[in-house]
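Student:
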Ligand code: SF4
Ligand code: SF4
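In the working numbering, the protein residues as written are 5 to 98.
1) From residue 75 to residue 24, what distance separates their C-alpha atoms?
2) Alpha carbon to alpha carbon, how far is residue 93 from residue 54?
3) How would you call residue 27, buried or exposed, if buried means at least 16 neighbouring beta carbons within 10 angstroms?
4) Which one or two residues does DSSP pair with residue 60 in a beta bridge?
5) Following the continuous beta strand (DSSP E) through residue 32, name the residue where it begins and the one where it ends.
And the structure:
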């Protein structure tokens with residue numbers, strides 16, 4: 005299981021979710037952020053932080069955004085190196 009980011013994130017990208025993720029498993033996409041399905045520990049911390057309610061447990065993604073489940077998984081396919089999203093704080097250390 006994983007959490008999925010759906011359509012409402014597009015164009016918002018405020019990164020509130022990134023700041024609270026304990027395992028840094030939220031990655032930069034060209035249009036939205038994506039949650040790594042294997043790194044996510046299903047803690048749920050990100051869900052209430054999203055101002056536009058774009059984040060759902062995989063099994064609770066609304067039907068209208070079901071395609072975002074596939075989109076999220078596909079983003080991490082192919083062994084391509086992805087960039088972890090930076091939070092609003094912005095200070096990357098290390
Ligand atoms: S559920 Fe937890 S581990 Fe998964 S993306 Fe959200 S904050 Fe990160
Ligand atoms: S908090 Fe919501 S809108 Fe903001 S970056 Fe995360 S998923 Fe996108």
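Cβ coordinates follow ideal geometry from the N, Cα and C atoms, glycine included. Owing to the predicted nature of the structure, the values given are computational and were not obtained by experimental measurement.
Tutor: According to the structure data:
1) Taking the straight line from one Cα to the other gives about 23 Å.
2) Residue 54 has its alpha-carbon roughly 16 Å from the corresponding atom of residue 93.
3) Exposed is the call here.
4) According to DSSP, which records beta bridges pairwise, residue 60 is partnered with 8.
5) Its beta strand (DSSP E) spans residues 30-32.
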